[in-house]
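Colleague: Chains as they are written, first to last, in the numbering used here: chain A, 2 to 180; chain B, 4 to 120. A virtual CB, placed ideally from N, CA and C, is assigned to each residue, including glycine. Below you will find the structure I want to go over with you.
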Amino acid sequence: MPDDDSRLLEAARHGDESSFLALYRHYRTPLFRFAWRLTGSVATAEDVLQECFLALIEGARFDVDRGSLRAYLFGIARNLALKRIRLAERESEEMEDAAADLDPLENLLSTERSEVVARAVQALPPFQREALILFEYEELSLEEIAAIVGIEAGAVKARLHRARETLRRRLAPLMAARA
Amino acid sequence: MKEHDPLNSVLREWETPELSAAVDARVRAAYRAAHRPSLWRRIWSAQVTIPVPVLAAVFLLLLAPVLWLQLRSHAPAPQPATVTPAGEGYMTRIETAGFQPLPDGATRVIRSGGVKQ
C-alpha cells in the first residue's frame, strides 16, 4: 500500500483526479473520525478533513522513506485539529477540573452510553486524548503515534497508560453496569 | 495493554457520526479548483464532434477550388484554322491573324506590268 500511496499521490499532484479520489476514499473516514473525536465537532472535523487533503495535494512535504502516508495524514489532521482546539477551548488544566464534575452514573441515567464515553475521553488532556484515540480507535502502532506526535514511543506509552487509568476511574460505573 | 480489559469494550461504545456527502463534493471541488488546467492545455486537449456528412461537405468545399484550377490549366489551347484541300501532296495554311477589311469597300484595278499612282 505505501508504494500505491506514493504513486497515487504523485499522480494526484499532477492533476489526476481519479488518483486523488482513490486516496481520499481510502483515508477520509479514519481522518474524519479522528478529527471529530479530537474536536468534538462535526463541522470542525469536516473542515480539518478538507484542509488535510488540500495541504497534501498542494505540496506538503511527504517522504515515503520517512513513514507511511497514513501516519503523515494523521499528523496533518492532528496539527489542524489542535490549532482549532487551542482557539476554541481553554487550557487543559481547566478541562481536567471540569471533568472532575462528571458523574458517569448520572449521565448513564439520562444520556446514551456513547455520550458518556465521549465526554470522558474528551475531558482528557489533549495529548493523552490524541494518543488514546490514535491507539484505541484508529489502531495505529506506538511507533506511528510517536512519529505523528513527535515524541518517543515510550512517552506515547506513558500517555496512554495515564489516559486509560483516568478513564478506568471515570467510567467505572459504566463498566460495572456492563459486567 | 488491550487484552481482556473491560475498559476496551466500554470505549467501543463511543459511536461516530457519518461523514456527509456534501464534504466529498466540497473536497472534490477544492481539488479541481487547485488543479484547473491552463488555458493552452484546455485548448490543446479540446475535442469537437462533427457529423460525417458535414465533414464531407467541408472537405469538398475545400477541394473544389483546387480541382477547378487543376482542370483549367490542362484545357487545350485554341488552334489556328486550317484548310485542307482535296488534293494530296501539299497543304495551304491560311492565317487570319492581323486581317483587316478595307475601310470603304472601294476596289482598284492594277494592271500587270505597271502601277498607277
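Would you be able to state if there are at least three C-beta pairs under 8 angstroms between the stretch 43 to 51 of chain B and the stretch 48 to 55 of chain A?
Modeller: Contact between the stretch 48 to 55 of chain A and the stretch 43 to 51 of chain B is absent, because fewer than three Cβ pairs lie under 8 angstroms.
Colleague: Would you mind giving the Cβ-Cβ distance between V122/A and L175/A, rounded to the nearest angstrom? I have them listed as a contact below 8 angstroms.
Modeller: Within the first sequence, residue 122/A is the residue found at index 121, counting from 1. Within the first sequence, residue 175/A is the residue found at index 174, counting from 1. About 12 angstroms separates the two Cβ atoms, so there is no contact after all.
Colleague: Excluding the 5 residues flanking L172/A on each side, which residues of the same chain have their C-beta closer than 8 angstroms to its C-beta?
Modeller: The residue given as residue 172/A occupies position 171 in the first sequence. Within the same chain, L172/A has close Cβ partners P105, V117, V118 and A121.
Colleague: H15/A: which of A159/A, E59/A and G76/A sits nearest, CA to CA?
Modeller: The sequence position of residue 15/A within the first sequence is 14, counting from 1. H15/A has its Cα closest to that of E59/A, out of A159/A, E59/A and G76/A.
Colleague: Consult DSSP for S111/A and reduce its assignment to one of helix, strand or coil.
Modeller: Within the first sequence, the letter at position 110 stands for residue 111/A. In this predicted model, S111/A has a pLDDT of only 46, less than 50, meaning its place in the structure is not dependable; the value taken from the coordinates is given anyway. If DSSP states are grouped into helix, strand and coil, S111/A belongs with the helices.
Colleague: Alpha helix (DSSP H) containing P127/A: first to last residue?
Modeller: As a working mapping, residue 127/A is identified with position 126 in the first sequence. Start and end: P127 to L133.
Colleague: Taking DSSP as the reference, what is the three-state secondary structure of L54/B?
Modeller: Position 51 of the second sequence, counted from the start, is the residue given in the question as residue 54/B. Rather than Leu, the amino acid found at residue 54/B in this sequence is Pro. DSSP places P54/B in coil when its eight states are reduced to three.
Colleague: Is the stretch 32 to 44 of chain A close to the stretch 131 to 142 of chain A, with three or more CB pairs under 8 angstroms?
Modeller: Touching, yes, given that three or more Cβ pairs across the two stretches are closer than 8 angstroms.
Colleague: A72/A and I152/A: beta carbons closer than 8 angstroms?
Modeller: Against the first sequence, residue 72/A aligns to sequence position 71. Against the first sequence, residue 152/A aligns to sequence position 151. Going by C-beta atoms, A72/A is not nearer than 8 angstroms to I152/A.
Colleague: Look up L22/B in the DSSP assignment and say whether it is helix, strand or coil.
Modeller: Within the second sequence, residue 22/B is the residue found at index 19, counting from 1. If DSSP states are grouped into helix, strand and coil, L22/B belongs with coil.
Colleague: For chain B, check one thing: does any of its Cβ atoms lie closer than 8 angstroms to the Cβ of F54/A?
Modeller: Taking the first residue of the first sequence as position 1, residue 54/A is located at position 53. By this cut-off, F54/A is an interface position.
Colleague: State yes or no: is the C-beta of V13/B within less than 8 angstroms of the C-beta of R165/A?
Modeller: As a first step, residue 13/B is located in the second sequence; it is residue number 10 there, counting from the start. As a first step, residue 165/A is located in the first sequence; it is residue number 164 there, counting from the start. It is not a contact, given that the beta carbons lie outside the stated cut-off.
Colleague: Three-state secondary structure (DSSP) at F63/A?
Modeller: Along the first sequence, one-based indexing puts residue 63/A at 62. Of the three classes helix, strand and coil, the one that applies to F63/A here is coil, per DSSP.
Colleague: Would you mind working out which of L88/A, R160/A, E144/A and A154/A sits nearest P126/A, comparing C-alpha positions?
Modeller: Taking the first sequence and counting its residues from 1, the one referred to as residue 126/A is at position 125. For P126/A, the nearest C-alpha among the options comes from R160/A.
Colleague: Scan the stretch 142 to 172 of chain A and note each continuous alpha helix (DSSP H) run of 4 residues or more that stays entirely inside, going in chain order.
Modeller: Within the stretch 142 to 172 of chain A, the complete alpha helix (DSSP H) runs of at least 4 residues are 143 to 150 and 154 to 171.
Colleague: If contacts are defined as beta-carbon pairs under 8 angstroms, then V57/B and Q51/A qualify, I think. What distance do you get, rounded to the angstrom?
Modeller: For the purposes of this step, residue 57/B is taken as the residue at position 54 of the second sequence. For the purposes of this step, residue 51/A is taken as the residue at position 50 of the first sequence. Not a contact, Cβ separation roughly 46 angstroms.
Colleague: Beta carbons nearer than 8 angstroms to chain A: which residues of the stretch 42 to 56 of chain B have them?
Modeller: Flagged: no residues at all.
Colleague: Less than 7 angstroms between C-beta atoms, sequence neighbours within five positions excluded: which residues of the same chain meet that for L143/A?
Modeller: Mapped onto the first sequence, residue 143/A falls at position 142. Answer for L143/A: A154, V157 and K158, listed in chain order.
Colleague: So E137/A is in the alpha helix (DSSP H); what residue range does that whole segment cover?
Modeller: Taking the first sequence and counting its residues from 1, the one referred to as residue 137/A is at position 136. Careful: E137/A lies outside any alpha helix (DSSP H) and carries neither H nor E.
Colleague: Could one say the Cβ of R75/B lies closer than 8 angstroms to chain A's Cβ atoms, at least one of them?
Modeller: On the second sequence, residue 75/B is found 72 positions in, with the first residue counted as 1. It does not: the Cβ of R75/B has no partner Cβ on chain A nearer than 8 angstroms.
Colleague: Specify the secondary structure class of G76/A as computed by DSSP and reduced to three states.
Modeller: Translated into positions along the first sequence, residue 76/A becomes position 75. G76/A: helix per DSSP, three-state reduction.
Colleague: Just the Cα atoms here: how many angstroms apart are S19/A and Y138/A?
Modeller: Locating residue 19/A in the first sequence gives position 18, where the first residue counts as 1. Locating residue 138/A in the first sequence gives position 137, where the first residue counts as 1. Rounded to whole angstroms, S19/A to Y138/A spans 28 angstroms at the Cα level.
Colleague: Mapping DSSP to helix, strand and coil, what is W17/B?
Modeller: Indexing the second sequence from 1 puts residue 17/B at position 14. In this structure, W17/B counts as coil in the three-state DSSP scheme.
Colleague: Determine the chain B residues that contact L168/A at a beta-carbon separation under 9 angstroms, and present them in chain order.
Modeller: The residue you call residue 168/A lines up with position 167 of the first sequence. The answer, in chain order, is L10, V13 and L14.
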